[in-house]
Amino acid sequence: MRGDRAHRPSALPWLLVALVSVMVLVFVYPMGGRIVDWSAGLAERGSSFGSVAALDDGHAWVVGTDGSIYFRDGRSWEKQDSGTERSLIAAAAADPDHVWAIYDNGVLRFDGKSWSAEAGLRGASGLRAICAADASHVWVVGASGLVLFFDGESWSRQESGVDWGLASVCSAGPDRAWAVGEGGILAFDGQSWRTEWSSGDSGVSARLTGVATSGGGDAWAVGFSADTTYLPVSVFLRRQGGSWSVAHREPDLRFTLIHVDAESRLWAAGSGYALVTYQDGAWSRPLRSSEELDYFTTYGIDSGGGTLFMAGNLAATGGMTFASVFEMEDGVWNMTGFPGAGK
Numbered sequence: 082m083r084g085d086r087a088h089r090p091s092a093l094p095w096l097l098v099a100l101v102s103v104m105v106l107v108f109v110y111p112m113g114g115r116i117v118d119w120s121a122g123l124a125e126r127g128s129s130f131g132s133v134a135a136l137d138d139g140h141a142w143v144v145g146t147d148g149s150i151y152f153r154d155g156r157s158w159e160k161q162d163s164g165t166e167r168s169l170i171a172a173a174a175a176d177p178d179h180v181w182a183i184y185d186n187g188v189l190r191f192d193g194k195s196w197s198a199e200a201g202l203r204g205a206s207g208l209r210a211i212c213a214a215d216a217s218h219v220w221v222v223g224a225s226g227l228v229l230f231f232d233g234e235s236w237s238r239q240e241s242g243v244d245w246g247l248a249s250v251c252s253a254g255p256d257r258a259w260a261v262g263e264g265g266i267l268a269f270d271g272q273s274w275r276t277e278w279s280s281g282d283s284g285v286s287a288r289l290t291g292v293a294t295s296g297g298g299d300a301w302a303v304g305f306s307a308d309t310t311y312l313p314v315s316v317f318l319r320r321q322g323g324s325w326s327v328a329h330r331e332p333d334l335r336f337t338l339i340h341v342d343a344e345s346r347l348w349a350a351g352s353g354y355a356l357v358t359y360q361d362g363a364w365s366r367p368l369r370s371s372e373e374l375d376y377f378t379t380y381g382i383d384s385g386g387g388t389l390f391m392a393g394n395l396a397a398t399g400g401m402t403f404a405s406v407f408e409m410e411d412g413v414w415n416m417t418g419f420p421g422a423g424k
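Structure, rendered in structure tokens:
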């Protein structure tokens with residue numbers, strides 16, 4: 082993902098991409114309503130995508146198991162050689178010549194021509210998330226409060242001040258970043274990290290898994306807790322005026338990641354058909370569950386220009402192998418057939 086959201090939206094339709102256990106689903110979501118076009122996208126059986134990094138419709142990367150990396154040039158997806166068979170769990174792009182992907186104990190960098198392993202990371206492990214404000218301000222976070230920083234030349238460790246795991250990181254520029262995890266929210270002011278919100282503050286106990294910003298001092302975080310029946314309850318926190326507060330709760334659904342697009346629309350995704358959006362004070366669910374599918378999980382979400390990408394896994398009922406698309410009509414997404422389904 083990109084930490085900086087200062088880019089301008091385009092008139093392109095919204096394109097949502099999700100990897101099935103057998104195929105990739107492609108959702109085309111126009112800003113104004115129902116579907117107008119769709120295409121086949123990727124098809125890699127038995128794989129899984131863990132993240133997506135997008136600059137625009139012509140520059141997007143998805144990464145996943147066995148070192149798989151695909152690049153979208155605006156017309157089609159092309160596989161790129163990562164040089165590793167390690168499963169890639171997160172990616173970030175600053176520009177077409179500065180892209181990164183991480184695995185558990187390492188970082189890959191793309192220079193516009195090829196991927197290579199980054200040096201200077203000996204001893205780093207438990208990496209979980211990455212964001213890039215620009216080519217010389219890149220953060221990686223992980224287990225036990227780990228924060229790594231790339232200044233355009235080399236990697237170094239930054240002191241987080243905590244020992245709990247960090248699951249997500251975002252940036253609103255070189256001097257402003259946030260990281261979230263098991264114990265709360267950390268903020269970076271250009272000099273150092275400090276705890277800005279702790280789980281349990283204001284009586285809210287939540288394990289945070291995602292954070293996103295559209296720039297400036299505003300940001301969102303998402304996590305989950307359990308109610309009195311021990312069912313999952315997703316908790317959305319919003320930062321306004323320098324402080325965090327609970328903005329929304331979603332019972333029975335577990336949202337694990339969020340993204341803010343160029344129009345300041347919040348997208349939240351997770352498991353069990355979980356997808357909600359927020360804009361101008363209103364929450365909505367553009368994707369509804371289907372009786373023909375039993376599980377849908379999103380692991381990566383990012384946008385560039387007017388295109389939104391989602392990468393994840395879709396499991397089929399009874400072992401059925403098929404691909405499909407969802408069409409939205411009257412605010413509800415319906416699953417329809419897909420060319421080549423079942424082949």
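Residue numbers for the sequence shown follow the numbering used here, so the first one is 82 and each next one is one higher. Beta carbons: idealized from backbone N, C-alpha and C, even for Gly.
{"Item": "Please return the same chain residues whose Cβ sits closer than 6 angstroms to the Cβ of Pro313, not counting the five positions on each side in sequence.", "Value": "Phe305, Arg335"}
{"Item": "Distance, Cα to Cα, Thr398 vs Ile170?", "Value": "Per-residue confidence for Thr398 stands at a pLDDT of 45, beneath the threshold of 50, marking its modelled position as unreliable; the derived number appears in the next sentence. Taking the straight line from one Cα to the other gives about 26 angstroms."}
{"Item": "Extract the residue ranges of the beta strand (DSSP E) inside the stretch 153-194, only unbroken runs of 3 or more that lie entirely within it.", "Value": "158-161, 171-176, 179-184, 187-191"}
{"Item": "Using the DSSP secondary-structure output, state which residues sit across from Leu267 in a beta bridge.", "Value": "Ala260, Thr276"}
{"Item": "Relative to the alpha-carbon of Asp147, which residue among Glu344, Leu202, Phe130 has its alpha-carbon at the smallest distance?", "Value": "Phe130"}
{"Item": "Starting from Glu331, follow its DSSP beta bridges and name the residues at the other end.", "Value": "Ser315"}
{"Item": "Quick check: is the beta carbon of Thr388 nearer than 8 angstroms to any beta carbon in chain C?", "Value": "Among the chains of the structure shown, chain C does not appear; only one protein chain is present."}
{"Item": "Would you mind reading off the limits of the beta strand (DSSP E) that contains Ser197?", "Value": "196-198"}
{"Item": "Along the beta strand (DSSP E) that carries Gln239, what are the first and last residues, could you check?", "Value": "Per DSSP, Gln239 belongs to no beta strand (DSSP E) and is neither H nor E."}
{"Item": "At which residues does the beta strand (DSSP E) containing Gly291 begin and terminate?", "Value": "288-296"}
{"Item": "Is it buried or exposed, Asp138, if we count other Cβ atoms within 10 angstroms and call 16 or more buried?", "Value": "buried"}
{"Item": "Using the beta-carbon count (16 or more within 10 Å), is Val107 buried or exposed?", "Value": "Note on Val107: pLDDT 38, under 50, position unreliable in the model; the coordinate value appears next. The residue in question, Val107, is buried, as its Cβ has 16 or more Cβ neighbours within 10 Å."}
{"Item": "Compute the Euclidean distance between the alpha carbons of Val243 and Gly207, then round it to the nearest angstrom.", "Value": "15 angstroms"}
{"Item": "Would you mind working out which of Gly193, Ala200, Trp196, His179 sits nearest Asn186, comparing C-alpha positions?", "Value": "Ala200"}
{"Item": "Give me the Cα-Cα distance between Tyr151 and Asp342, rounded to the nearest whole angstrom.", "Value": "22 angstroms"}
{"Item": "Is Asp342 helix, strand or coil by DSSP?", "Value": "coil"}
{"Item": "Residues in the same chain with beta-carbon distance under 8 angstroms from Trp364, minus the five sequence neighbours each way, listed in chain order, please.", "Value": "His329, Val357, Thr358"}
{"Item": "First and last residue of the beta strand (DSSP E) that includes Val221?", "Value": "218-223"}
{"Item": "Nearest to Gly249 by CA position, among Ser195, Ser235, Leu227, Ala174, is which residue?", "Value": "Per the sequence presented here, residue 249 reads as Ser, with Gly not at that position. It is Leu227."}
{"Item": "What's the gap between the Cα of Ala182 and the Cα of Ala198?", "Value": "10 angstroms"}
{"Item": "From Gly193 to Asp162, what does the alpha carbon distance come to, in whole angstroms?", "Value": "13 angstroms"}
{"Item": "Between Ser237, Gly296, Gly264, which lies nearest to Asp256 when the distance is taken from Cα to Cα?", "Value": "Gly296"}
{"Item": "Thinking C-beta only, is Arg209 closer than 8 angstroms to Val219?", "Value": "no"}
{"Item": "Three-state secondary structure (DSSP) at Gly322?", "Value": "coil"}
{"Item": "With DSSP collapsed to three states, give me the class of Gly304.", "Value": "strand"}
{"Item": "Rounded C-beta distance between Ala213 and Ala174? I'm assuming under 8 angstroms.", "Value": "7 angstroms"}
{"Item": "Val357 bridges to which residues according to DSSP?", "Value": "Ala349"}
{"Item": "Just verifying my parser: in three-state terms, what is the DSSP assignment at Asp138?", "Value": "coil"}
{"Item": "Using alpha carbons as the reference points, say which of Leu229, Ala293, Trp196 lies closest to Trp142.", "Value": "Trp196"}
{"Item": "For the beta strand (DSSP E) that contains Asp215, what are its first and last residues?", "Value": "208-215"}
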